[in-house]
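Protein chains: 4
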Amino acid sequence: MHSFLTEAQQSRQREFREFVARHVAPFAAEWDRTEKIPEATVRLIANAGYLGSTLPLEFDGKDWDTVTFGLLNEAFGRASVALTDLLTVQAMVSMSLLKWGSKEQKSRWLPRLARGEIIGAFALTEPDSGSDLHSLQTRFTEAGAGAYRLNGTKTWISYGQTADLFLVIGYTGSQPLACLVPRESLGVQVKPISGMLGYRTAGIARITFTDVAIPDDDVLGKPGVALNYIVPVGLQYGRISTACSALGLLRGCLEESTARATARKLRTGTVGDLGMIHSMLARMGTDLHAAALLCLAACRATEERLPEAFTKTLMAKYFCSRAAVRAADDAVQIWGAAGCHEDAPVARYYRDAKLLEILEGTTQIHEELLGRTFVQAAPKQAN
Amino acid sequence: MHSFLTEAQQSRQREFREFVARHVAPFAAEWDRTEKIPEATVRLIANAGYLGSTLPLEFDGKDWDTVTFGLLNEAFGRASVALTDLLTVQAMVSMSLLKWGSKEQKSRWLPRLARGEIIGAFALTEPDSGSDLHSLQTRFTEAGAGAYRLNGTKTWISYGQTADLFLVIGYTGSQPLACLVPRESLGVQVKPISGMLGYRTAGIARITFTDVAIPDDDVLGKPGVALNYIVPVGLQYGRISTACSALGLLRGCLEESTARATARKLRTGTVGDLGMIHSMLARMGTDLHAAALLCLAACRATEERLPEAFTKTLMAKYFCSRAAVRAADDAVQIWGAAGCHEDAPVARYYRDAKLLEILEGTTQIHEELLGRTFVQAAPKQAN
Amino acid sequence: MHSFLTEAQQSRQREFREFVARHVAPFAAEWDRTEKIPEATVRLIANAGYLGSTLPLEFDGKDWDTVTFGLLNEAFGRASVALTDLLTVQAMVSMSLLKWGSKEQKSRWLPRLARGEIIGAFALTEPDSGSDLHSLQTRFTEAGAGAYRLNGTKTWISYGQTADLFLVIGYTGSQPLACLVPRESLGVQVKPISGMLGYRTAGIARITFTDVAIPDDDVLGKPGVALNYIVPVGLQYGRISTACSALGLLRGCLEESTARATARKLRTGTVGDLGMIHSMLARMGTDLHAAALLCLAACRATEERLPEAFTKTLMAKYFCSRAAVRAADDAVQIWGAAGCHEDAPVARYYRDAKLLEILEGTTQIHEELLGRTFVQAAPKQAN
Amino acid sequence: MHSFLTEAQQSRQREFREFVARHVAPFAAEWDRTEKIPEATVRLIANAGYLGSTLPLEFDGKDWDTVTFGLLNEAFGRASVALTDLLTVQAMVSMSLLKWGSKEQKSRWLPRLARGEIIGAFALTEPDSGSDLHSLQTRFTEAGAGAYRLNGTKTWISYGQTADLFLVIGYTGSQPLACLVPRESLGVQVKPISGMLGYRTAGIARITFTDVAIPDDDVLGKPGVALNYIVPVGLQYGRISTACSALGLLRGCLEESTARATARKLRTGTVGDLGMIHSMLARMGTDLHAAALLCLAACRATEERLPEAFTKTLMAKYFCSRAAVRAADDAVQIWGAAGCHEDAPVARYYRDAKLLEILEGTTQIHEELLGRTFVQAAPKQAN
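Chains as they are written, first to last, in our numbering: chain H, 46 to 428; chain U, 46 to 428; chain S, 46 to 428; chain Y, 46 to 428.
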């Protein structure tokens with residue numbers, strides 16, 4: 046990978062890895078057990094500027110390029126994909142706002158998001174909508190003078206438990222609409238969801254909005270543009286972040302598997318000398334390298350605003366999440382019974398990895414989108 | 046399947062399924078959460094005779110054939126593979142004892158095991174031995190007059206937390222030896238292992254034996270026979286039980302997946318109308334049918350004491366556990382985000398299924414054993 | 046398997062295997078190379094009664110049960126799935142006729158089919174229809190007094206090159222219709238298709254029917270019943286035959302792989318001692334056992350006319366053909382470079398196996414049908 | 046990919062694709078059928094400089110960088126991996142010679158190789174050696190004054206039928222030795238191998254050397270260095286070439302699959318609208334993108350002489366060849382029956398792809414090498 050990164054990117058990558066090794070890795074298992082991340086850790090992350098990494102300097106962001114953003118997410122994903130999700134949602138809200146917010150909205154919210162003074166959450170998914178954005182039930186009723194009244198329920202919202210600002214997507218009449226909703230608004234009710242299979246520290250919540258008043262200042266863009274313009278920006282960053290986070294988990298699987306394989310003695314040599322284990326590791330390590338390159342390609346295309354950035358990001362998310370699930374599956378086998386206990390990092394990887402295939406669009410949605418894309422690009426056949 | 050079962054077997058199968066539907070299925074999720082099975086449930090199971098199902102009538106067993114034993118395990122596995130493991134360990138200890146115990150040992154222990162008054166546990170695995178039985182560290186030191194002194198540590202012992210009687214395998218000098226060790230013996234220390242990835246209600250424990258006195262009455266067979274004669278009997282029943290338990294979980298995956306697919310509405314039809322879902326379900330359902338037949342074949346061969354019973358049981362365990370992992374993986378995808386929460390049965394299946402690939406010999410051990418078997422049966426090649 | 050077969054079935058199985066070892070196996074590679082099967086071989090097969098194995102005695106058939114028919118196909122598939130296809134098509138035509146033919150049609154055609162004096166071919170697939178039977182373009186135009194005039198083109202017709210009698214499916218108006226068409230009829234043109242990837246000796250042809258006169262004697266059943274009643278009978282036998290043929294090829298892969306693995310010396314031992322090879326063989330051998338049981342279950346259900354016979358046969362065909370492709374893939378790897386040359390049986394298996402996934406309904410059609418079936422059988426979900 | 050290529054590389058890529066579209070693609074099927082490539086085509090390739098693409102200008106080579114060499118091989122692989130193998134073997138011999146040949150050997154042979162006046166072949170594999178280089182049976186007997194006498198048999202030698210110069214690896218005593226052997230030398234016997242599963246136009250041959258006199262001028266390097274120094278250079282280029290060739294075939298699979306899927310009409314839309322097909326295409330297209338990146342990374346690392354070049358090339362070859370086999374498998378399914386006939390490009394891809402997993406080291410050898418590499422790089426585990 047190094048030969049594809051600039052000096053600055055490599056230097057940042059070292060910094061990210063050190064930060065994670067010191068402040069995240071030693072505690073990730075405990076956070077998972079308690080389903081909580083200490084406020085102090087969030088402060089550390091905020092102070093390092095990681096919650097505004099892609100925002101411009103003028104909004105107190107770091108103005109890092111997308112490749113660097115990917116490296117940041119990978120480094121965090123190595124230790125905790127659940128914590129990485131904090132970077133995900135913050136970027137989804139911030140970048141949507143940067144691209145589609147009014148001047149006033151940007152100056153009001155972005156610096157606080159960049160500095161991590163507030164946490165944003167992307168309130169899109171609903172109990173009955175799944176990945177089908179056209180069947181959202183959340184409604185914005187016109188309340189005069191550009192204001193609205195909001196009713197609806199959002200669920201599986203990462204960091205919904207602690208977020209200060211929700212970016213809520215719904216409909217006004219037949220027009221999709223996106224609004225910013227501060228958590229303290231009257232009529233916002235947050236219900237924590239505990240007992241997740243994975244991502245147990247991601248503060249997942251169900252949010253109910255009951256007659257919440259939305260002043261016109263908090264409406265993002267015009268009615269009609271939410272699904273085709275605003276949501277795609279959020280999902281693009283959500284997918285990049287999730288793909289890179291999966292890449293980190295994949296790296297964790299390889300490192301923990303090889304460490305275990307060499308440490309585990311057999312009568313003749315170690316587990317790492319077995320042919321069957323070589324097969325597993327060969328696939329895992331090659332997938333890791335391919336995943337890293339796909340993430341890099343997606344990040345670069347996004348940075349360069351290339352038209353293929355969307356497809357490349359879909360491919361990165363699709364490949365990395367599947368590879369992470371396979372790798373965690375094999376990693377548990379390499380660890381054996383010990384790998385089935387929460388003291389082993391691979392047990393957590395096994396649970397967390399599955400959610401990588403669900404978040405920001407399931408594997409099946411990705412297959413549908415990619416399949417259609419490739420069909421549309423088909424060369425004409427003579428017969 | 047029905048055309049392969051006798052009337053009596055079919056009738057028992059109905060009984061088992063009713064028992065499980067009433068006494069197990071509604072509570073399995075809760076037990077998993079609390080890592081505990083109520084004593085009352087164990088009583089119900091014991092009273093139904095399920096803890097002595099394969100023992101002869103003379104020892105208060107039910108004397109059911111191996112196919113019926115398989116159906117029992119499948120029925121329980123449908124709701125909780127972790128609880129099924131109670132049937133597994135009881136059979137492993139009981140059947141080893143039935144086959145290799147002295148007349149006195151049998152009349153002393155078997156009726157109480159059959160009636161479920163006591164629970165047995167198979168204390169084979171050690172922290173550093175994994176699946177390699179020849180590197181066991183547990184030692185029986187001769188103490189005169191056929192008695193021994195036992196020192197060693199066993200781990201990942203299912204129902205070790207509550208078992209009354211341990212069948213312990215170790216070495217005396219270079220000879221493998223098996224002994225019965227009542228839990229109340231001086232020097233037996235049981236340490237519960239909580240926080241498992243799956244099988245959270247299987248009462249898994251680490252057992253330490255410190256200078257435990259073993260009277261000659263509790264020595265099973267002669268020194269030297271443990272690994273080649275006694276352990277294989279236990280593992281045979283352990284694998285049958287685990288294979289059928291995996292079959293039950295696989296059935297659970299199909300039923301919960303199709304139920305969800307038909308209930309989940311899309312704008313056009315349901316999830317169950319999608320081509321991608323058909324592919325997943327076709328594989329899942331076909332694997333289920335194949336798994337059921339492999340279990341049946343293994344049970345029948347065991348019942349008929351055919352030489353191929355060993356290989357057929359390896360195949361059943363290997364296939365069913367792998368198929369269960371695949372099915373649980375797909376089932377979570379079909380459920381989507383909801384499938385990643387513990388309220389969904391499939392989230393628990395996903396965690397439990399992985400242990401099916403580890404218990405009673407990992408998938409890799411099975412591949413090694415089966416691979417060697419097929420190579421040995423190879424036809425001679427001319428060139 | 047033996048414990049599931051009657052004495053008579055086992056005895057027949059031995060006979061079939063001996064026949065194949067003597068008359069088929071030594072020549073299969075050569076036939077593949079020349080894309081031809083000697084007439085003398087077809088005579089031997091006919092004389093053994095194998096072309097009328099499932100027909101009643103009264104029509105000069107053998108009246109063997111469906112399990113025995115499956116064993117016959119498996120034995121032939123072990124040496125040549127392409128030759129087995131002769132049994133396939135003969136059964137498809139014969140059994141459709143037995144079930145839906147008039148008394149006169151049966152007494153006229155069945156004895157000659159049973160004795161192998163004539164070969165039948167099932168003319169269903171069309172250049173533009175694929176597996177979608179509702180888009181057939183072949184037309185029967187009414188010609189008065191129950192007679193028709195036939196126009197259309199059928200393709201990929203196994204043994205179309207040599208068949209004496211075609212069972213042709215098309216439409217008259219909007220009604221599907223099936224007719225018998227002797228090859229010597231005026232307007233029948235047979236164009237051999239050479240250069241197939243596999244099944245090179247199956248005499249595959251494209252048949253064009255131009256204004257062929259169909260007397261009312263040759264119309265099978267009434268207009269309207271062809272697709273829902275007649276074709277399903279043919280496809281049922283076609284799928285059983287193909288599934289069992291795939292099972293035979295799978296057995297070939299295991300036998301040739303293990304033979305090679307033990308014969309091929311390395312510096313330390315043989316290829317058969319390698320862990321990676323054990324993994325491949327474990328899967329191959331377990332798939333083989335599962336495939337055999339699925340075929341048996343499908344045959345028994347068909348024999349007993351159980352409602353689940355259709356689904357079980359789909360599962361057998363789907364599983365066996367996929368397993369055969371995987372096995373052939375691994376078998377070539379185990380053989381290495383030698384396995385990529387036509388002198389190695391596995392090179393032919395590799396080419397032939399792929400067609401097993403296409404014939405009598407592609408894997409995707411099977412997934413579609415099975416997926417729908419499982420969805421329809423879904424338990425109701427509470428929420 | 047474009048954003049990773051220089052202008053010059055992109056421009057060459059366009060040139061290569063045009064050359065292949067004009068001179069290779071239209072004839073590849075016919076060459077496959079006849080197992081022959083016209084001399085005129087080889088001339089065209091030679092005149093374009095493609096047989097000396099990586100050799101320095103001073104030897105009449107093109108001096109193209111390794112990435113450009115990869116693009117060349119990919120472009121050819123798109124139409125014919127068998128023809129691409131000509132580029133493979135020429136580079137294997139030329140680059141070994143460039144790196145390890147004496148000044149005289151280089152000036153004598155390299156310009157003729159670069160200009161394509163002679164074709165080289167890499168004579169390494171033996172009937173009984175497979176991938177185990179330490180068991181080669183070929184012997185160089187000392188004949189005084191640095192000369193040798195050569196005896197041995199090499200097999201599966203690509204372009205052995207037409208090669209003018211063999212690079213032969215064997216042993217002198219216990220020391221591995223590499224020599225150049227002109228085809229016209231006394232005692233060289235070339236036996237063409239026809240009837241391959243794939244790579245039918247690659248002129249594969251078995252070469253027997255009987256008492257061939259090797260003057261000291263034709264000895265490459267000193268005795269002892271052949272296996273650790275010379276062969277690795279050849280294999281490195283062989284693997285890069287094969288990986289990129291597989292990448293080309295993979296691209297062919299995607300293009301032919303999507304073209305077919307859009308052209309093939311169903312009652313409702315086309316095959317390209319089906320969910321199942323989207324799943325296949327999503328995997329195929331994502332694998333293609335990953336494969337392209339892995340090839341690029343391997344080529345760049347080789348160009349930059351990075352220590353990880355060896356491992357990256359192993360990963361590229363391993364991933365691309367496996368992905369090509371999977372893609373060809375799916376491509377045939379998407380084409381249906383038509384895909385099983387040699388008129389369909391995908392039927393040839395299916396046969397050719399399998400050899401990609403065997404040539405220049407089987408998939409299993411790659412798993413062994415990669416597995417060991419990852420194990421050696423394992424982080425130390427605390428416990």
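Cβ coordinates follow ideal geometry from the N, Cα and C atoms, glycine included.
Between which two residues does the alpha helix (DSSP H) holding residue i run?
| i | result |
| --- | --- |
| Gly279 (chain H) | Val276 to Ala308 |
| Tyr394 (chain U) | Pro390 to Leu401 |
| Gln55 (chain H) | Glu52 to His68 |
| Gln378 (chain U) | Ala354 to Trp380 |
| Lys144 (chain S) | Val126 to Trp145 |
| Glu348 (chain S) | Gly320 to Glu348 |
| His411 (chain Y) | Thr408 to Gln421 |
| Thr79 (chain H) | Ala73 to Thr79 |
If we count the other Cβ atoms within 10 Å of its Cβ and call it buried at 16 or more, is residue i buried or exposed?
| i | result |
| --- | --- |
| Thr418 (chain Y) | buried |
| Glu412 (chain U) | buried |
| Asn92 (chain Y) | exposed |
| Ser366 (chain U) | buried |
| Glu119 (chain U) | buried |
| Gly330 (chain U) | buried |
| Lys267 (chain H) | exposed |
| Gly115 (chain U) | buried |
| Ser324 (chain S) | buried |
| Pro390 (chain Y) | buried |
| Ala422 (chain Y) | exposed |
Need the endpoints of the beta strand (DSSP E) that residue i sits in, please.
| i | result |
| --- | --- |
| Arg184 (chain H) | Arg184 to Glu187 |
| Ala192 (chain Y) | Ala192 to Ile202 |
Please report the Cβ distance between residue i and residue j, rounded to the nearest whole angstrom; I am assuming they are in contact, meaning their Cβ atoms lie under 8 Å.
| i | j | result |
| --- | --- | --- |
| Tyr394 (chain U) | Leu242 (chain U) | No, Tyr394 (chain U) and Leu242 (chain U) are not in contact; Cβ-Cβ is about 12 Å, not under 8 Å. |
| Ala369 (chain H) | Leu401 (chain H) | 5 Å |
| Gln150 (chain H) | Leu142 (chain H) | 6 Å |
- Which parts of the stretch 152–178 of chain Y are runs of the beta strand (DSSP E), unbroken and 3 residues or longer, counting only runs that do not cross its ends? 165–168
- Quick one: which residues of the stretch 322–343 of chain S get their C-beta closer than 9 Å to a C-beta of chain H? List them in chain order. Ile322, His323 and Ser324
- Message: To be precise: take each residue of the stretch 234–247 of chain H, compare its Cβ to all Cβ atoms of chain U, and keep it if any distance is under 8 Å. Which residues remain?
- Response: Only Ile238, Gly240, Met241, Leu242, Gly243 and Tyr244 from the stretch 234–247 of chain H bring a Cβ to less than 8 Å from some Cβ of chain U.
- Message: My parser needs the beta strand (DSSP E) runs of 3 or more residues fully inside the stretch 208–285 of chain Y; what are they?
- Response: 210–217, 220–227, 233–237 and 250–259
- Query: If contact means a Cβ-Cβ distance below 9 Å, which residues of the stretch 289–307 of chain H contact chain Y?
  - Reply: Leu299, Glu300, Glu301, Ser302, Thr303, Ala304, Arg305, Ala306 and Thr307
- Query: When you check each C-beta in the stretch 112–142 of chain U against every C-beta of chain S, which residues fall closer than 8 Å?
  - Reply: none
- Task: Anything in the stretch 409–427 of chain S with a Cβ closer than 9 Å to a Cβ of chain U? List those residues in chain order, please.
- Result: Gln409, His411, Glu412, Glu413, Leu414, Leu415, Gly416, Arg417, Thr418, Phe419, Val420, Gln421, Ala422, Ala423, Pro424, Lys425, Gln426 and Ala427
- Message: For the stretch 370–381 of chain H, list every residue whose C-beta sits within 8 Å of some C-beta in chain U, in sequence order.
- Response: Val370, Asp374, Val377, Gln378 and Gly381
- Residues from the stretch 392–411 of chain H in contact with chain U, defined by Cβ distance under 9 Å: So the close ones are Ala392, Arg393, Tyr395, Arg396, Lys399, Leu400, Glu402, Ile403, Leu404, Thr407, Thr408 and Gln409.
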